[in-house]
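Scroll down for the structure; my scribbles are underneath it.
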Amino acid sequence: MIRHTHQVRVRYSESDRMGTYYNSRLLEWMEVGRSELLRAAGVPYGEWEARGVMAPIIESHLQFKGRAGYDDLLNIETTLVREGRVRVKFESKLTQADSGAPVAEGWTIHALTNPDGRPLRLPGWVKHFLEKEGDL
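So the mapping is simple: my numbering equals the position in the sequence shown, first residue as 1, plus 71.
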């Protein structure tokens with residue numbers, strides 16, 4: 072299980088009249104966390120696709136924990152875990168960078184497929200970095 076933390080700042084366009092982030096932004100921020108974890112692991116998602124491995128989201132879950140408003144700096148902690156023979160799971164925790172106050176938690180499960188959408192067992196190079204432990 073590998074973990075990576077990336078920071079994002081809430082932009083004005085991501086907040087609403089209630090003074091907090093708009094809910095759909097969570098999935099976007101989680102995508103940023105996933106992309107940066109894979110980049111830090113040395114295998115950015117674009118390389119997955121170049122190697123013929125697609126990873127569509129087949130399931131997601133979000134749990135709102137607290138507020139985050141315009142210009143707040145957030146930590147996105149993303150953890151990658153194996154989820155069976157043809158799936159991976161990215162778990163995300165978003166917190167306020169200054170206080171550690173929780174903002175949200177969630178996860179996405181991705182099926183690994185070939186470019187035609189057929190299930191694909193975890194390639195050896197994916198298994199290799201899934202077996203790593205610790206922070207990137």
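No residue lacks a Cβ here, since even glycine has one placed at the ideal position from N, Cα and C.
Keep in mind that this is a model prediction, so the values were computed, not measured.
Problem set entry | Beta-bridge partners of isoleucine 129, as assigned by DSSP | The partner list for isoleucine 129 (beta bridge, DSSP) is empty, contrary to what the question assumes.
For this session: Alpha carbon to alpha carbon, how far is valine 81 from leucine 201? Give it in angstroms, no decimals.
Result: Cα atoms of leucine 201 and valine 81: separation of roughly 30 angstroms, rounded to the nearest angstrom.
Exercise. DSSP three-state call for serine 95: helix, strand or coil?
Worked result: Assignment of serine 95 by DSSP, reduced to helix, strand and coil, places it in the coil class.
Exercise. What first and last residue would you give for the alpha helix (DSSP H) that runs through valine 197?
Worked result: 195-201
Exercise. What did DSSP end up calling leucine 183 once you bin it into helix, strand or coil?
Worked result: coil
For this session: Note down the Cα distance separating lysine 164 from glutamate 85, rounded to an integer number of angstroms.
Result: 18 angstroms
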